[in-house]
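For reference, the structure discussed in these notes is given below.
Protein chains: 2
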Amino acid sequence: MNEYPVTARTRLRRFHEKGSFDRGVVHAILDEALVCHVAFQHDGAPAMIATAHWRAGDRLYLHGSSASRAMRALSGGAPACIAVTLLDGLVLARSGFNHSVNYRSVVIYGAARALTGDREKMKALKAFQDKITPGRWEEMRAPTVQELKATTVLEFDLKEVSAKIAEGPPEDDPGDIDAPVWAGVLPVRRVFGTPEPAPDMTREIPLPDYLRNYRLPR
Amino acid sequence: MNEYPVTARTRLRRFHEKGSFDRGVVHAILDEALVCHVAFQHDGAPAMIATAHWRAGDRLYLHGSSASRAMRALSGGAPACIAVTLLDGLVLARSGFNHSVNYRSVVIYGAARALTGDREKMKALKAFQDKITPGRWEEMRAPTVQELKATTVLEFDLKEVSAKIAEGPPEDDPGDIDAPVWAGVLPVRRVFGTPEPAPDMTREIPLPDYLRNYRLPR
Chain A
112 MNEYPVTART RLRRFHEKGS FDRGVVHAIL DEALVCHVAF QHDGAPAMIA
162 TAHWRAGDRL YLHGSSASRA MRALSGGAPA CIAVTLLDGL VLARSGFNHS
212 VNYRSVVIYG AARALTGDRE KMKALKAFQD KITPGRWEEM RAPTVQELKA
262 TTVLEFDLKE VSAKIAEGPP EDDPGDIDAP VWAGVLPVRR VFGTPEPAPD
312 MTREIPLPDY LRNYRLPR
Chain B
112 MNEYPVTART RLRRFHEKGS FDRGVVHAIL DEALVCHVAF QHDGAPAMIA
162 TAHWRAGDRL YLHGSSASRA MRALSGGAPA CIAVTLLDGL VLARSGFNHS
212 VNYRSVVIYG AARALTGDRE KMKALKAFQD KITPGRWEEM RAPTVQELKA
262 TTVLEFDLKE VSAKIAEGPP EDDPGDIDAP VWAGVLPVRR VFGTPEPAPD
312 MTREIPLPDY LRNYRLPR
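Same order as they appear, the protein sequences are chains A and B. No gaps in the numbering here: position 63 of the first sequence is 174 in our numbering, and each next residue is one more. No gaps in the numbering here: position 105 of the second sequence is 216 in our numbering, and each next residue is one more.
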């Protein structure tokens, strides 16, 4: 199956964006993004965290301090909504009304399982490190038992999930096309700067290959 | 008062980040960001939208189609949590455990009022346009009655709000400092590209000043 199922919650209601349930489209957006937002109910009111995420197959992973209220709420299987949003451009139409943004987004509904075994936690955390800096996991010391205990790793199935993509030039009302207003798109992009070595490095360590001309997805 | 009050929900629980209730700090993050995430409860489960936002004084504004389920739920005063997150860097420590990200974020708890009068809607929408492209509002035709009706504008008081900032180099365990692993920060930045004119422009219109060397906040 190359498509996720459409549900009452993921069915597209608006039309100026393009909805997609295609696995490849969903995965590409998740893999390019560094940060997601996770909404959950806490003490009877909406709460939210922003956190890094990573994906393996049809699963999305988050991690955090085992002491945090969000990790505790989500570990308990609280229903969650996860959004990943990549902003691509500001779309300047002739009318204020037709202004919009270009973006690629994914929304996931689900509840987490907290990984329990040290081995499965390690495997998941390595996949996270491999997303960001492949090869670095092997350079570092292994996590300690204490560190693994202090880290909650959450696993979500990608089951109720959809992507939305808005792209291209402004779409104006026919009557506005001749208006004497510049129209078009101002692209927005994420870029990575020059790596800044830690001031407390005690020896000469060359910049690792995985940080040269950095990009994501790799 | 230059600080927002601390509440049970906004009190900082973690310590590797720096919490702030300073108005100026909160406002600067909101004004630099183009997009926020809004969490609310819908049909008994967490739901979320990503949308553009703008600020005027101690109020945050969102807008959207009056037909959208999110605008309808939020217009009704549903409790909401709004997060704005600016990612500034990937922090590569010597151990996996001490990896982190540098960021500036704001979280707002509250419920919206939907603006009702055309005049207050217009004023708010002009403030939005002025955030993104000051001067453009005056270049465009005015919104029609129909367009204003189709647009919901939501106003949130900044009352229960806090900022968090994580910045600087990695903080490693003393025993890890001598590890033969490159450590430091990979900066992440948002940049604006070269404006792309709409293919359907029917006349020569020079690029407006507000799009030259674009940056935000302006």
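Every residue gets a Cβ at the ideal spot worked out from N, C-alpha and C, and that includes glycine. Values in this document were obtained by computation on a predicted structure and should not be read as measured data.
**Message:** At the level of alpha carbons, what is the spacing between Glu-231(A) and Ile-160(B)?
**Reply:** Counting from 1 along the first sequence, the entry for residue 231(A) is found at position 120. Counting from 1 along the second sequence, the entry for residue 160(B) is found at position 49. Spanning the two alpha carbons is a distance of roughly 32 Å.
**Prompt:** Cβ atoms of Asn-213(B) and Gly-279(B): under 9 Å apart, would you say?
**Reply:** Residue mapping note: residue 279(B) aligns to position 168 of the second sequence, counting from 1. Residue mapping note: residue 213(B) aligns to position 102 of the second sequence, counting from 1. Cβ atoms of Gly-279(B) and Asn-213(B): closer than 9 Å.
**Asked** When the Cα atoms are used, what is the spatial distance from Ala-222(A) to Glu-271(A)?
**Response** The residue labelled residue 222(A) in the question sits at position 111 within the first sequence. The residue labelled residue 271(A) in the question sits at position 160 within the first sequence. Roughly 10 Å between the two C-alpha positions.
**Request:** Give the residues from the segment 122 to 152 of chain B that approach chain A closer than 8 Å (Cβ to any Cβ), ordered along the chain.
**Result:** Arg-124, Arg-125, Leu-145, Val-146, His-148, Ala-150, Phe-151, Gln-152
**Message:** For a cutoff of 9 Å on Cβ pairs, would you count Arg-230(B) as touching chain A?
**Reply:** Working through the second sequence from its first residue, we reach residue 230(B) at position 119. Chain A, which has no Cβ nearer than 9 Å to the Cβ of Arg-230(B), makes this no.
**Message:** I believe Pro-245(A) touches Arg-323(A) by the beta-carbon criterion, under 8 Å. Please report the beta-carbon distance rounded to the nearest angstrom.
**Reply:** One-based indexing of the first sequence puts residue 245(A) at position 134. One-based indexing of the first sequence puts residue 323(A) at position 212. Not a contact, Cβ separation roughly 12 Å.
**Asked** To the nearest whole angstrom, what separates the beta carbons of Leu-141(A) and Arg-166(A), a pair I think is in contact under 8 Å?
**Response** Counting from 1 along the first sequence, the entry for residue 141(A) is found at position 30. Counting from 1 along the first sequence, the entry for residue 166(A) is found at position 55. Right, their Cβ atoms sit about 5 Å apart.
**Message:** Any C-beta of chain A within less than 8 Å: which residues of the segment 277 to 293 of chain B qualify?
**Reply:** Pro-280, Pro-281, Asp-283, Asp-287, Ile-288, Asp-289, Ala-290, Pro-291, Val-292, Trp-293
**Request:** With Trp-248(A) as the anchor, note down where its alpha helix (DSSP H) starts and where it stops.
**Result:** The residue you call residue 248(A) lines up with position 137 of the first sequence. Start and end: 247 to 250.
**Request:** Count the C-beta pairs between the segment 314 to 321 of chain B and the segment 233 to 249 of chain B that are closer than 8 Å, then say yes if the count reaches three, no if not.
**Result:** yes
**Close-in-space but distant-in-sequence residues of the same chain around Asp-268(A) (CB under 7 Å, 5 per side omitted)** = On the first sequence, residue 268(A) is found 157 positions in, with the first residue counted as 1. Within the same chain, Asp-268(A) has close Cβ partners Asp-169, Arg-170, Gly-221.
**Asked** Going by the C-beta, is Lys-270(B) closer than 8 Å to any heavy atom of the ligand ZN?
**Response** Absence of the ligand ZN from the depicted structure is noted, as is the absence of any ligand whatsoever, leaving it without description.
**Request:** Mind listing, in chain order, the continuous beta strand (DSSP E) runs of no fewer than 3 residues lying wholly within the segment 144 to 229 of chain B?
**Result:** 146 to 153, 156 to 167, 170 to 176, 191 to 203, 211 to 221
**Prompt:** Counting only beta-carbon atoms, is Thr-227(B) nearer than 9 Å to chain E?
**Reply:** Chain labels in this structure do not include chain E; the protein chains are A and B.
**Prompt:** If we ignore side chains and look at the alpha-carbon of each, how far apart do Glu-258(B) and Phe-208(A) end up?
**Reply:** Walking along the second sequence from the start, residue 258(B) turns up at place 147. Walking along the first sequence from the start, residue 208(A) turns up at place 97. Their Cα atoms are separated by approximately 7 Å.
**Asked** In chain order, what residues of the segment 309 to 323 of chain B put their CB closer than 8 Å to some CB of chain A?
**Response** Ala-309, Pro-310, Asp-311, Met-312, Thr-313, Arg-314, Ile-316, Pro-317, Leu-318, Pro-319, Leu-322
**Request:** Have a look at Pro-116(A), Arg-124(A), Phe-151(A) and flag the residue whose alpha-carbon is nearest the alpha-carbon of Val-137(A).
**Result:** Locating residue 137(A) in the first sequence gives position 26, counting from the first residue. Among Pro-116(A), Arg-124(A), Phe-151(A), the Cα nearest to that of Val-137(A) belongs to Pro-116(A).
**Request:** Report the three-state DSSP secondary structure of Phe-132(A) (helix, strand or coil).
**Result:** The residue you call residue 132(A) lines up with position 21 of the first sequence. Coil.
**Request:** Would you please verify whether the beta carbon of Ala-158(B) is less than 9 Å from any beta carbon of chain A?
**Result:** Here residue 158(B) refers to the residue found at position 47 when the second sequence is read from its first residue. At least one chain A Cβ lies under 9 Å of Ala-158(B).
**Same chain, Cβ closer than 6 Å to Arg-205(A), five either side skipped, listed in chain order** = For the purposes of this step, residue 205(A) is taken as residue 94 along the first sequence, with counting starting at 1. Once the five neighbours on either side are set aside, the close Cβ partners of Arg-205(A) are Asp-283, Asp-287, Ala-290, Val-292, Ala-294.
**Prompt:** Is the shortest distance between the beta-carbon of Ser-177(A) and the beta-carbons of chain B less than 9 Å?
**Reply:** If you number the first sequence from 1, residue 177(A) lands on position 66. No, no contact with chain B.
**Message:** I'd like to know whether the C-beta atoms of Glu-143(B) and Arg-215(B) end up nearer to each other than 9 Å.
**Reply:** On the second sequence, residue 143(B) is found 32 positions in, with the first residue counted as 1. On the second sequence, residue 215(B) is found 104 positions in, with the first residue counted as 1. In this structure, Arg-215(B) lies closer than 9 Å to Glu-143(B) by Cβ.
**Asked** Could you check where the alpha helix (DSSP H) with Val-256(B) kicks off and where it finishes?
**Response** Position 145 of the second sequence, counted from the first residue, corresponds to residue 256(B). Run containing Val-256(B): 256 to 261, per the alpha helix (DSSP H) assignment.
**Request:** Using a Cβ cut-off of 9 Å (strictly closer), state whether Gly-188(A) contacts chain B.
**Result:** Locating residue 188(A) in the first sequence gives position 77, where the first residue counts as 1. Chain B contact via Cβ: absent.
**Request:** Measure the alpha-carbon distance for Ala-178(A) versus Gly-175(B) and round it to whole angstroms.
**Result:** Here residue 178(A) refers to the residue found at position 67 of the first sequence. Here residue 175(B) refers to the residue found at position 64 of the second sequence. If I take the Cα positions, the gap works out to 37 Å.
**Message:** Please report whether the beta-carbon of Leu-265(B) lies at a distance below 9 Å from any beta-carbon of chain A.
**Reply:** Along the second sequence, read from residue 1 onward, the residue named residue 265(B) stands at position 154. No, no contact with chain A.
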